[in-house]
Structure formats: C-alpha cells, structure tokens
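Below: one structure, written as structure tokens.
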Amino acid sequence: MSDAPFRPFETHLDKDRTGALLRDALAGAEDGELFLERRRSEMLVLDDGRIKTASYDASEGFGLRAVRGEVAGYAHATEISEAALRRAAETARLAVGDGGGVMAPPPAGTNRRLYTDADPIAGAAFPVKLETLREIDAYARALDTRVVQVTASIAASLQEVAILRPEGTLVTDTRPMTRVNVSVIVEVDGRRESGTAGGGGRVTLDGLLAPEDWQARAREALRIALVNLEALPAPAGVMDIVLGPGWPGILLHEAVGHGLEGDANRKGASAFAGLMGQQVAARGVTVLDDGTIPDRRGSLSVDDEGTPSARNVLIEDGTLVGYMQDRQNARLMGAVPTGNGRRESHAHIPMPRMTNTYMLGGDADPAGIVADLKDGIWAVGFGGGQVDITSGKFVFSCTEAYRVQNGKVGAPVKGATLIGDGATALLNIRALGNDMALDPGMGNCGKQGQWVPVGVGQPTVMIGGLTVGGAAA
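Taken in order, the sequence shown gives residues 2 to 474; the numbers are from this note's numbering.
As structure tokens, then:
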C-alpha cells in the first residue's frame, strides 16, 4: 500500500460518477454519506527480553450509509472501486424504501487542525523502536532487584478518511495515534505484583521515544507494582470514597458518559432519559465532552460524519443541559449534532460516542479532601469495569488504592471494587479538588462491538456512600 497521501478520487474513483451514484442511492433518504478510509498500524512488543510481537497492518475500504427515520442501510467493502460502490449502493438503498425523505443539511465546514498529519510509523526507524524497547527493559530491571519481568510496547497508527455527501461536500481528516506502554512484575518471597504505566495521543513518536519520557513511565510502573506488593486485603462495606485526578475519570466515562449519549436517551434506555434541565448531580459539578483539545487521544478535527468536533457541556452546576449527538439521533430528537458521530472503521456504522469526557475542578485542596475522609478508600488507579447503561449500575476494580481512617492514609489495599450507580454517585459528590487533570492517553471505549480511542479526566473527588467490595471487614 502506498505511503502517498490518501486521495481516493484521484487513485480509485471518479468523483463526479461517485457523486451521481451516491445521490441515486440516497434519493428520498434523510441523510447519508460515503465514508472512505485507509489505515496503517504497527505494534512492537518486547516481553521478558524477547520480541513477542512485531506486526504491521494496512487496510482500506469504504462504507455507504442511507438513513431514513430510525432506519439506516449500510454496506461496506474492502475494495475501493466503482463496481464495489454500485453493489453497496443497491444494498444501502433498501433502507430508503419508497423514499419521501428530505435530505438534512450538510455539516458546517471547518479548516481546524487539532493534530499533526505526519505518519508516526514512518517518523521513527524500525531499528530505533526495537532498541528503545530493549533500553526500557534494561532500565526497568536496573531500577530494582525485585523486578522479575518487564513488558514494553510501542504502537503507532495513521487513519486517513474522506467523507463525501450527496450534495458534493467532501471532508477529509488525517489522524495519527501513538502510545508507549511499560508493565513491570516484581516478586518477593514468592508473591508477585504488577504495575503498568503508559500513554500517548495524536502525536508522533518523537517525544514518547525520548528517554526522559519512557524512563518516567518505567519508574511509575515500578512504583505501582511495589505499592501492590505491600497491599493488604481491601475492606468491604458502604463507605466514602476519594477518587484521584486524571485516569480515575474512567468511572465518570462509564458510569455517566454512556448514559448521556443521544441514542440511549432517545430510546429511553438511559438512567438520564427525560431529565433534561433537572438536577442530576451535586451543585458545582460540571461535566463536558470535548473533542477539540489538541493532540489528545479522544480528539477529532471532524467526527466520522464530517461534523466538526465541539466542546459540549453535558452537566452544568449539577443540571443536565446536553446530550452527545450524531446526525441521526440529533435529527430524531430535534437537537443539533455535537460532533460525536463516531465509528471504529469503514466497516462500522456511526453512532453517538464520547471523545474526551471530563469533570471540571473545584476549589478544594486535594490533600484536604483526603484529610476529611473519616473511614474509606482513596482510589488512585483503576482497571476494568462493567456498567449497565439503563440502570447506571457500575462495578470497577481499583489498581491502586489506600485505606484512610480519621484522615490518615494507611496501608495500600488490594482487591477493592467500587459498586454503585452513576446517577446516585453524581448526587453524592461532596468535594471537588482544584487539581483537574486529563489521563495520560490510554483510553479505549467499547459500545455495541465497536472500539474507539477516548480520553477522560477529573479532579480529586469525594463521593459519599459507595459500596466497596473486597475481603470481609
């Protein structure tokens, strides 16, 4: 596959004939587009001193969508050709039926660029990446004699998209993505614990391959592993919780964010359905989804329908003021698209999805928030979790947490899970720190089988009355 810029209407298709095909496929529809994509990705993994993975993947294809009411016809192919497009048009058109729809206006135009269009794969030589992985391994092992295993990875990808609409609007975007990850396992007297640190964004690999960057990640991974080595079994029961800044915003993303996506609310399947304009969180709580932050993992110059991304306020001072919308759900709800129409690839239909979802900070001192915790858990790091969007109920596991009693931070605890529901947790927020931070760039979000990169963030937050699952108290 060529490394030249992706220009499908110069190399694969005639734009005029393609436009005519698209207009015919969407005759009588209310919306639709042709989404063309080329993607290249590379992954290198060094595990226990050996190269475990060295993969390169390249793909291209298109998806054609025709929308009428709540129905969408979608056809996709890995071959970008007029013949494949004609077959797809016949399939997508089945959703239009007898027609009668009025085509929605196109997205507003934008010349905004939130990230580089440089290819991060080609930007760093393959031998340099391999040598960096070996240096990470050696550095992490030299930090502490208790280190018994190191896993380091470098990932880079470039997605190029072109979105053609029936009225002739053509929107393009070139989206880089990089990430460096370090995991460390330590052992003492037969007990092993692990720690992981990493991050990246829509940037080249230059900064991530700099020693000062990956060395900091290796030290952080070791620190977490050593903390867990000293951890005691977590208590169980209902107690107050303090969440740290940054990555713990993943709980906000899952427990609240999915419930604020337009499709779930239109269908009445969200705990927040029908609550627009009502208080859904404690006063002072403001939650945003912002796809316009430069270089962030969840940011987009335009979404996968061609709508410019936006800084969308979802909850303001505790009041529900907005949902995240793609074009179809916005039209059906009488709302405005918010730049949240996203898809995993050309083989997937777009739907409302988060970008960078975070809670604004308050004015409280973070140390003071912890000191006000009488008997509870201070959760600094999170792993996986599960959420029921309809009820808002969530279960999250902590990867780094500490027992706090009478404001004093005690021993780290292991095996703590936080259990609750998003709506109640928002209302029970008791303090907001002045240390709002975004995560280091490592989030992925799954919805209906589709995965997209996202960002999260929050300040230090105290939440009253969450259930902690752990060992018996």
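Just so you know, even glycine gets a beta-carbon here, dropped at the ideal spot from N, CA and C. Because the structure is a prediction, the values reported are computed rather than measured.
From residue i to residue j, what does the alpha carbon distance come to, in whole angstroms?
| i | j | result |
| --- | --- | --- |
| P128 | L223 | 26 Å |
| R87 | L47 | 45 Å |
| I316 | A217 | 35 Å |
| E255 | G335 | 26 Å |
| V187 | E221 | 13 Å |
| G362 | P246 | 9 Å |
| N435 | A198 | 24 Å |
| S158 | R41 | 6 Å |
| D49 | R142 | 10 Å |
| A126 | V151 | 23 Å |
| E132 | R51 | 12 Å |
| A73 | V462 | 41 Å |
| D58 | I242 | 43 Å |
| G202 | A438 | 15 Å |
| V277 | N266 | Strictly speaking, residue 277 in this sequence is Met, with Val absent from that position. Those two C-alpha atoms are separated by around 10 Å. |
| R8 | E31 | 27 Å |
| A28 | V322 | 35 Å |
| R24 | G98 | 15 Å |
| A26 | R18 | 12 Å |
| R312 | D364 | 22 Å |
| T111 | D174 | 11 Å |
| G70 | G64 | 19 Å |
| T92 | I378 | 54 Å |
| A109 | R328 | 12 Å |
| G196 | L144 | 14 Å |
Could you tell me if residue i is buried or exposed, where buried requires 16 or more neighbouring beta carbons within 10 angstroms of its beta carbon?
| i | result |
| --- | --- |
| V479 | In this structure the chain extends from 2 to 474, so residue 479 is not present and cannot be described. |
| D290 | buried |
| G258 | buried |
| G275 | exposed |
| T12 | exposed |
| P460 | buried |
| V189 | exposed |
| G456 | buried |
| K268 | exposed |
Would you list the residues sitting across from residue i in a DSSP beta bridge?
| i | result |
| --- | --- |
| M325 | E262 |
| R218 | Answer by DSSP bridge pairing: none, since R218 is not bridged. |
| T468 | V239 and I420 |
| P353 | G342 |
| A448 | It should be pointed out that residue 448 corresponds to Lys in this sequence rather than to Ala. In DSSP, K448 forms a bridge with Q451. |
| G456 | N357 |
| A438 | Q459 |
| Q280 | T320 |
Spatial neighbours of residue i within its chain, please: CB distance less than 8 Å, with the 5 preceding and 5 following residues excluded, ordered by chain position.
| i | result |
| --- | --- |
| A474 | Below a pLDDT of 50, predicted positions are generally treated as unreliable, and A474, at 41, falls in that range; the measurement from the model is reported next regardless. Within the same chain, A474 has close Cβ partners P236, A237 and G238. |
| V204 | Y116, T117, P121, P177, T179 and D296 |
| R1 | The displayed coordinates of the chain run from 2 to 474. Any statement about residue 1 would go beyond what the structure contains. |
| A412 | E231, A232, L233, Y403 and R404 |
| A272 | G260, I390, T391, S392, G393, D422, G423 and A424 |
| D207 | G124 and A125 |
Within 8 Å (strictly less), CB to CB, does residue i reach chain B?
| i | result |
| --- | --- |
| L37 | The structure shown contains no chain B, having only a single protein chain. |
Over the uninterrupted beta strand (DSSP E) stretch that includes residue i, give me the two end residues.
| i | result |
| --- | --- |
| P177 | L171 to V189 |
| Q150 | V148 to L165 |
| P9 | Premise fails: P9 lies in the alpha helix (DSSP H), P9 to T12, not in any beta strand (DSSP E). |
| A78 | V72 to A78 |
| T54 | R51 to R69 |
| L45 | D32 to D48 |
| G247 | Counting along the chain, G247 falls outside any beta strand (DSSP E), and DSSP gives it neither H nor E. |
| F383 | D376 to V388 |
| R312 | R312 to E317 |
| L289 | V288 to D291 |
| T19 | From DSSP, T19 is part of no beta strand (DSSP E) but of the alpha helix (DSSP H) over K16 to A26. |
| R404 | K394 to Q406 |
| T111 | Run containing T111: none; DSSP gives neither H nor E here. |
| K415 | K409 to K415 |
| T197 | R192 to G202 |
Give me, in chain order, the residues of the same chain whose beta-carbon lies closer than 6 Å to that of residue i; leave out the 5 immediate sequence neighbours on both sides.
| i | result |
| --- | --- |
| W248 | D440 |
| F10 | K16 |
| D305 | G342, R343, R344 and P351 |
| G292 | S300, L301, S310, G340 and T356 |
| V172 | I164, V303 and G307 |
| I464 | I242, A426, N429 and I430 |
Start and end of the alpha helix (DSSP H) containing residue i?
| i | result |
| --- | --- |
| V371 | P367 to A372 |
| I430 | It is not in any alpha helix (DSSP H) - I430 instead sits in the beta strand (DSSP E) that spans I430 to L433. |
| E136 | F127 to L144 |
| R94 | E83 to R94 |
Once you ignore the five residues that flank residue i on each side, which residues in its own chain have a CB closer than 7 Å to its CB?
| i | result |
| --- | --- |
| Q280 | G319 and T320 |
| A5 | none |
Can you find a heavy atom of the ligand NAD that lies under 7 Å from the Cβ of residue i?
| i | result |
| --- | --- |
| V286 | Ligands are entirely absent from the displayed structure, and the ligand NAD is therefore not among its contents. |
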